[in-house]
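Q: Sharing a structure here in structure tokens format.
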Amino acid sequence: MAIIGQQMYHPIFNFDTQEYEDACPIPPRKSGFQYVCKCNHTTFHTMSEFKRHIKNKGHVRYISNYLENMKETEEFVSLIKQQRIEIGLLQQKLALLTKPLAKAETTLSILFELD
1 MAIIGQQMYH
11 PIFNFDTQEY
21 EDACPIPPRK
31 SGFQYVCKCN
41 HTTFHTMSEF
51 KRHIKNKGHV
61 RYISNYLENM
71 KETEEFVSLI
81 KQQRIEIGLL
91 QQKLALLTKP
101 LAKAETTLSI
111 LFELD
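First residue of the sequence shown? That's 1 in the UniProt record's numbering, and the numbers climb one at a time after it.
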């Protein structure tokens, strides 16, 4: 059995119950892709491994809190974007301030050479 690649496992949203549920991404008696679950980075590539994994207490807790986890993740992503913007602005300010400093250093070195 050859493992083709690795994919992240994501539960599906049930619109009737308004909750996330587990749905096996692997067809019966097939394998190939290795799936990684975010609950504790467990990997599985067969349906039996998937069924065993979703019974785990940690996974059940992860699915019940999936919506909150996603909100928290979105908040972190937006925070990272804001911080990258701030870093870019600070780098621009630093570049603007280092140009006159470099000119002053060259002027000072020329003046010290004349003495």
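Positions of the beta carbon are idealized from the N, C-alpha and C atoms, including for glycine.
How would you label Ile85, buried or exposed, when you count the other beta carbons within 10 angstroms and need 16 or more for buried?
A: For the purposes of this step, residue 85 is taken as residue 85 along the sequence shown, with counting starting at 1. That one is exposed.
Q: Let me confirm a value: Phe50 is counted as buried when at least 16 other C-beta atoms fall within 10 Å, else exposed. Which label applies?
A: Taking the first residue of the sequence shown as position 1, residue 50 is located at position 50. With 16 or more other Cβ atoms within 10 Å, it is buried.
Q: Would Asp16 and Ile63 qualify as a contact pair, given that the criterion is a beta-carbon distance under 8 Å?
A: Mapped onto the sequence shown, residue 16 falls at position 16. Mapped onto the sequence shown, residue 63 falls at position 63. Against a cut-off of 8 Å, the Cβ pair of Ile63 and Asp16 comes out as no contact.
Q: Going by DSSP, what residues sit across from Ile12 in a beta bridge?
A: Looking up residue 12 in the sequence shown gives position 12. Answer by DSSP bridge pairing, in chain order: Glu21.
Q: Exposed or buried, what is His59 when buried is set at 16 or more other beta-carbons lying within 10 Å of its beta-carbon?
A: Position 59 of the sequence shown, counting from 1, holds the residue named residue 59. Looking at its Cβ environment, which holds 16 or more other Cβ atoms inside 10 Å, His59 is buried.
Q: Just the C-alpha distance for Gly32 and Gly5, rounded to the nearest angstrom, thanks.
A: If you number the sequence shown from 1, residue 32 lands on position 32. If you number the sequence shown from 1, residue 5 lands on position 5. If you take the alpha carbons of Gly32 and Gly5, they lie about 7 Å apart.
Q: Across which residues does DSSP place Gln34 in a beta bridge pair?
A: Position 34 of the sequence shown, counted from the first residue, corresponds to residue 34. BP columns for Gln34 point to Gln6.
Q: Where does Thr73 sit, in a helix, a strand or coil, going by DSSP?
A: To locate residue 73, count along the sequence shown from 1; it is residue 73. Residue state, collapsed to three classes: helix.
Q: To the nearest angstrom, how far is it from the Cα of Arg29 to the Cα of Leu94?
A: Working through the sequence shown from its first residue, we reach residue 29 at position 29. Working through the sequence shown from its first residue, we reach residue 94 at position 94. Cα to Cα, the separation comes out at about 59 Å.
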